[in-house]
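Visitor: One structure coming up, written as structure tokens, with questions to follow.
There are 2 protein chains.
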Amino acid sequence: MKTSFIEDVKAKLKEKGYKLTTQRRVIIDVILENQGNHLSPEEIYSKVKDKYPEIGLATVYRTLQLLEELNVIYKLNFNDGCNRYEINSGNDYHHHHHLICLNCGKVIEVKLDLLEDLEEKIEKEGDFKIVDHNVKFFGYCNECKK
Amino acid sequence: MKTSFIEDVKAKLKEKGYKLTTQRRVIIDVILENQGNHLSPEEIYSKVKDKYPEIGLATVYRTLQLLEELNVIYKLNFNDGCNRYEINSGNDYHHHHHLICLNCGKVIEVKLDLLEDLEEKIEKEGDFKIVDHNVKFFGYCNECKK
DNA sequence: TAGTAAATTGATATTCATTCCATTTTTATC
DNA sequence: GATAAAAATGGAATGAATATCAATTTACTA
């Protein structure tokens with residue numbers, strides 16, 4: 004797998020009959036340049052406007068939906084009133100998890116992945132085919148826990 | 004611990020200087036009568052109106068916030084456009100998790116709790132004091148996976 | 001290369017959950 | 001029962017997200 008991220012997205016778009024337009028390209032660039040920042044649609048819109056001022060907000064929303072559909076990004080929810088997005092960097096579903104500070108709202112990423120056992124157990128017992136999971140831990144970061 | 008749920012809530016309210024008003028009481032009743040249903044504010048509002056037609060939607064929102072603050076209920080998010088609430092039945096934070104069917108949207112509860120190891124590891128490595136967690140598994144229920 | 005159908009875009013209108021605000025009602029206290 | 005404080009109210013405001021629609025762009029075909 005030596006294909007670049009953009010090439011990969013382009014292929015996925017083509018596969019479903021979509022095109023990689025300039026607008027979509029700029030949106031993807033912004034997301035790429037802000038990995039780990041969990042941007043909201045509005046934030047993406049504002050950054051995209053710097054590079055492509057004619058773009059409309061609707062296009063940003065549409066493109067985010069499209070990219071989510073293609074599993075290029077996925078939606079996060081930190082209960083702050085808007086959706087946030089993150090690149091789905093791995094080519095399967097085992098992404099990282101989030102620590103959310105209850106005091107300052109900071110979001111820290113964790114790369115541990117000890118959930119296989121749990122998934123296996125649930126699949127056996129529960130008669131449920133697991134495809135993805137989403138784990139959030141709430142607590143206090145090292146600055147706020149004092 | 005032989006106190007009833009309502010008594011417990013009443014005590015918690017009093018502790019923080021809040022009162023158990025009729026409206027709050029009715030809202031709590033509705034939540035109690037719908038355990039396991041993950042009601043949204045609108046759904047709660049509609050059911051509460053049957054018992055107490057004069058109540059306003061804002062009151063429902065306010066009460067839900069209040070009850071969440073007191074750890075009597077907690078907020079869930081199933082990406083269906085609204086928040087949903089669930090009773091916090093255990094007296095500490097180790098509640099159950101949810102299986103969400105990607106096809107029919109059904110939500111199934113799981114009681115497993117194998118996350119202690121993971122939390123311990125994160126606390127050691129990450130310099131983060133964990134207070135709560137939230138785990139969702141996405142996949143297909145036994146009816147939809149065929 | 002011209003012409004046509006399909007996809008995409010951007011501005012605007014709309015929807016819907018949630019919050020805000022001024023007013024009214026309820027509760028507790030003396 | 002009078003009074004002050006707290007809580008609840010409806011309606012309006014807000015703000016994120018979606019839908020609408022005419023205009024533009026793109027891909028394809030003759």
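Those protein sequence lines, which keep their order, are chains A and B.
In terms of this note's numbering, the first sequence has 107 at position 104, counting the first letter as 1, and numbering is strictly consecutive.
In terms of this note's numbering, the second sequence has 76 at position 73, counting the first letter as 1, and numbering is strictly consecutive.
Virtual Cβ for every residue (Gly too), placed ideally from N, Cα, C.
For residue 136(B), go through chain A and note every residue whose CB falls closer than 8 Å to its CB, in chain order.
Guide: By Cβ distance, chain A contributes 138, 139, 140 and 141.
Visitor: Please confirm if residue 71(B) has its CB atom under 8 Å from at least one CB of chain A.
Guide: Residue 71(B) does not count as touching chain A.
Visitor: Please confirm if the region 12-24 of chain B is in contact with the region 62-75 of chain B, defined as three or more CB-CB distances below 8 Å between the two stretches.
Guide: With the cut-off at 8 Å, the region 12-24 of chain B and the region 62-75 of chain B touch.
Visitor: Taking beta-carbon pairs under 8 Å, can you tell me which members of the region 62-91 of chain A lie near chain B?
Guide: Listed by position, the residues of the region 62-91 of chain A near chain B (Cβ gap below 8 Å) are 78, 80 and 82.
Visitor: If you follow the beta strand (DSSP E) that residue 132(A) is part of, which residue opens it and which one closes it?
Guide: Start and end: 131-143.
Visitor: Just to check my reading of the structure: residue 30(A) and residue 47(A) have Cβ atoms closer than 8 Å, yes? What is that Cβ distance to the nearest angstrom?
Guide: Confirmed, about 6 Å.
Visitor: Counting only Cβ pairs nearer than 7 Å, list the residues of chain A close to residue 144(B).
Guide: Going along chain A in sequence order, the residues near residue 144(B) (Cβ under 7 Å) are 131.
Visitor: Kindly list, in the order they appear in chain B, the residues whose Cβ is closer than 8 Å to that of residue 102(A).
Guide: Simply 125, 129, 131 and 133.
Visitor: Buried or exposed for residue 107(A), going by 16 or more other Cβ atoms inside 10 Å?
Guide: Result: exposed.
Visitor: Quick check on residue 48(A): does DSSP put it in helix, strand or coil?
Guide: Reduced to three states, the DSSP call for residue 48(A) is helix.
Visitor: Please check if any C-beta of chain B sits within less than 8 Å of the C-beta of residue 122(A).
Guide: True, the Cβ-Cβ gap to chain B drops below 8 Å.
Visitor: Is there a Cβ from chain B that is less than 8 Å from the Cβ of residue 105(A)?
Guide: Yes - at least one Cβ of chain B is within 8 Å of the one on residue 105(A).
Visitor: Looking at residue 144(A): is its Cβ nearer than 8 Å to the Cβ of residue 131(B)?
Guide: Contact flag set, yes.
Visitor: How is the beta strand (DSSP E) around residue 10(B) delimited, first residue to last?
Guide: Here residue 10(B) belongs to no beta strand (DSSP E); instead the alpha helix (DSSP H) covers 8-18.
Visitor: How would you list, in chain order, the residues of chain B whose beta-carbon sits under 7 Å from the beta-carbon of residue 148(A)?
Guide: Simply 132.
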